[in-house]
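Novice: The following block contains the structure, expressed as structure tokens.
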Amino acid sequence: KQEVTQIPAALSVPEGENLVLNCSFTDSAIYNLQWFRQDPGKGLTSLLLIQSSQREQTSGRLNASLDKSSGRSTLYIAASQPGDSATYLCAVANTGGFKTIFGAGTRLFVKA
Amino acid sequence: DGGITQSPKYLFRKEGQNVTLSCEQNLNHDAMYWYRQDPGQGLRLIYYSQIVNDFQKGDIAEGYSVSREKKESFPLTVTSAQKNPTAFYLCASSSQGSYNSPLHFGNGTRLTVT
């Protein structure tokens, strides 16, 4: 059974710092891995999707990597801003693509 | 603008009552999903539907029911059989499953049962 773990559960950094969020999964037979952002009381917004055949994806200040063999993904945020404060969730889609398993998220606070 | 609309945003019900949460999408997506989110936990899949008139149970389907009579709509009924229904419910959709299509989420319905 696929399990997704995110470390740390919470993170507080000063504005401008580069940071890395970690995600690990137990079953490497995945279709894709997605990173989402969730603001308090809101739905999830897709940030990056990495297909199983890809190693990384980039969007603006965000870069996500995928290492299936080790069951790990990282989300790198460059030059963090207070507006980046949110919960970041990692999710993997298993074979068939219709069941996506989510981690519990990392709550990020960027101090001005 | 295309998107997913969930209504209502907040819902309060007495224990023992069934309640239906609405989810409508205008993204022309084939697949739709219902997730439940509890504090400090990841999202858990309740039901999903790949096409109209077809749906499958997710990991925590007990006490819930769904229908998919139209491509745009995927309502979720929380029945009185659901032992702990108070939670944040999120509806999502994707094109052709989630292989190369990101999940799109609505803004959720917060259900409180007392």
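Chains as they are written, first to last, in the numbering used here: chain R, 1 to 112; chain X, 1001 to 1114. All residues carry an ideal CB built from backbone N, CA and C; glycine is no exception.
1. Enumerate in chain order the residues of its own chain whose CB-to-CB distance from Q57 (chain R) is below 8 Å, with the five nearest sequence positions on each side excluded.
2. Taking only the alpha-carbon atoms, compute the straight-line gap between F1012 (chain X) and T1020 (chain X) and give it to the nearest angstrom.
3. Against chain R, does H1029 (chain X) count as a neighbour if the rule is that its beta carbon must be under 9 Å from one of theirs?
4. Show which residues of chain R have a CB atom less than 9 Å away from the CB atom of F1105 (chain X).
5. I want to verify the contact list: residues of chain R whose CB lies under 7 Å from the CB of Y1089 (chain X), in sequence order.
6. Tell me whether the stretch 1073 to 1082 of chain X and the stretch 81 to 90 of chain R touch, counting them as touching only if at least three CB pairs, one residue from each stretch, are closer than 8 Å.
7. Which chain R residues sit within Cβ distance under 9 Å of Q1050 (chain X)?
8. Going along the stretch 76 to 91 of chain R in order, which residues come within less than 8 Å of chain X, judged by CB to CB distance?
9. Does any residue of chain X bring its CB to less than 9 Å from the CB of A29 (chain R)?
10. So the candidates are X:C1091, X:Q1082, X:A1081, X:V1066; which of them puts its Cα closest to the Cα of Q1025 (chain X)?
11. In whole angstroms, what is the alpha-carbon distance linking A78 (chain R) and K1014 (chain X)?
12. Measure the alpha-carbon distance for S24 (chain R) versus V13 (chain R) and round it to whole angstroms.
13. Three-state secondary structure (DSSP) at P8 (chain R)?
14. In three-state DSSP terms, what is D84 (chain R)?
15. Kindly indicate if chain R contains any beta-carbon less than 9 Å away from that of Q1008 (chain X).
16. What does the alpha-carbon distance come out to for the pair S1022 (chain X) and R1036 (chain X)?
17. Strictly below 7 Å CB to CB, what residues from chain R border L1043 (chain X)?
18. Whose C-beta lies closer than 6 Å to the C-beta of Y76 (chain R) among residues of the same chain, with five residues either side of it excluded?
19. Please confirm whether G43 (chain R) and R1110 (chain X) have their CB atoms less than 9 Å apart.
20. Residues of chain R with CB under 7 Å from G1002 (chain X), in chain order?
21. Counting contacts by CB-CB distance shorter than 9 Å, is N63 (chain R) in contact with chain X?
22. Looking at the C-beta of G71 (chain R), does it have a partner C-beta in chain X at a distance below 9 Å?
23. Would the beta-carbon of E1069 (chain X) fall within 9 Å of that of N1053 (chain X)?
Specialist: Inspection of the coordinates gives the following:
1. In the first sequence, the residue the question calls residue 57 (chain R) occupies position 57. Excluding sequence neighbours, Q57 (chain R) sits near L48, L49, I50, N63, A64.
2. Translated into positions along the second sequence, residue 1012 (chain X) becomes position 12. Translated into positions along the second sequence, residue 1020 (chain X) becomes position 20. Near 11 Å, if we compare the C-alpha coordinates of T1020 (chain X) and F1012 (chain X).
3. Counted from its first residue, the second sequence places residue 1029 (chain X) at position 29. For H1029 (chain X), the nearest beta carbon of chain R is not closer than 9 Å to its own beta carbon.
4. The residue labelled residue 1105 (chain X) in the question sits at position 105 within the second sequence. Within chain R, F36, Q38, K42, G43, L44, T45, S46 have C-beta atoms less than 9 Å from the C-beta of F1105 (chain X), given in sequence order.
5. Reading the second sequence from its first residue, position 89 is the one you call residue 1089 (chain X). Under the 7 Å cutoff, chain R gives no residues; its nearest Cβ is about 10 Å from Y1089 (chain X).
6. With a cut-off of 8 Å, the stretch 81 to 90 of chain R and the stretch 1073 to 1082 of chain X do not count as touching, because too few Cβ pairs lie within range.
7. For the purposes of this step, residue 1050 (chain X) is taken as residue 50 along the second sequence, with counting starting at 1. Residues of chain R passing the Cβ test: F98.
8. Taking 8 Å as the Cβ-Cβ cut-off against chain X, the residues of the stretch 76 to 91 of chain R that qualify are L89, A91.
9. Start at 1 with the first residue of the first sequence, and residue 29 (chain R) comes out as number 29. Output row for A29 (chain R): interface = no.
10. Counting from one through the second sequence, the residue named residue 1025 (chain X) turns up at place 25. When only C-alpha atoms are compared, the closest one is X:C1091.
11. Position 78 of the first sequence, counted from the start, is the residue given in the question as residue 78 (chain R). Position 14 of the second sequence, counted from the start, is the residue given in the question as residue 1014 (chain X). Going by the C-alpha atoms only, they are around 47 Å apart.
12. Along the first sequence, read from residue 1 onward, the residue named residue 24 (chain R) stands at position 24. Along the first sequence, read from residue 1 onward, the residue named residue 13 (chain R) stands at position 13. S24 (chain R) and V13 (chain R) have their C-alpha atoms some 22 Å from each other.
13. Along the first sequence, one-based indexing puts residue 8 (chain R) at 8. Look at P8 (chain R) here: in three-state DSSP terms it is coil, with no helix or strand label.
14. Along the first sequence, read from residue 1 onward, the residue named residue 84 (chain R) stands at position 84. DSSP places D84 (chain R) in helix when its eight states are reduced to three.
15. Along the second sequence, one-based indexing puts residue 1008 (chain X) at 8. According to the sequence displayed, residue 1008 (chain X) carries Pro and not Gln. Not one beta carbon of chain R lies nearer than 9 Å to the beta carbon of P1008 (chain X).
16. Locating residue 1022 (chain X) in the second sequence gives position 22, where the first residue counts as 1. Locating residue 1036 (chain X) in the second sequence gives position 36, where the first residue counts as 1. Their Cα atoms are separated by approximately 14 Å.
17. On the second sequence, position 43 is the one that residue 1043 (chain X) refers to. Near L1043 (chain X) (Cβ distances below 7 Å), the residues of chain R are F102.
18. Position 76 of the first sequence, counted from the start, is the residue given in the question as residue 76 (chain R). Here the set comprises V20, N63.
19. The residue you call residue 43 (chain R) lines up with position 43 of the first sequence. The residue you call residue 1110 (chain X) lines up with position 110 of the second sequence. Result no, Cβ atoms of G43 (chain R) and R1110 (chain X) do not sit closer than 9 Å.
20. Numbered from 1 along the second sequence, position 2 holds the residue referred to as residue 1002 (chain X). The contacting residues do not exist; G1002 (chain X) stays about 14 Å from chain R at best.
21. Sequence index remark: in the first sequence, residue 63 (chain R) carries index 63 (1-based). Judged by the 9 Å Cβ criterion, N63 (chain R) is not in contact with chain X.
22. In the first sequence, residue 71 (chain R) corresponds to position 71, counting from 1. Taking Cβ atoms only, chain X never reaches closer than 9 Å to G71 (chain R), which makes this a no.
23. Taking the second sequence and counting its residues from 1, one reaches residue 1069 (chain X) at position 69. Taking the second sequence and counting its residues from 1, one reaches residue 1053 (chain X) at position 53. Taking 9 Å as the Cβ cut-off, E1069 (chain X) and N1053 (chain X) qualify as a contacting pair.
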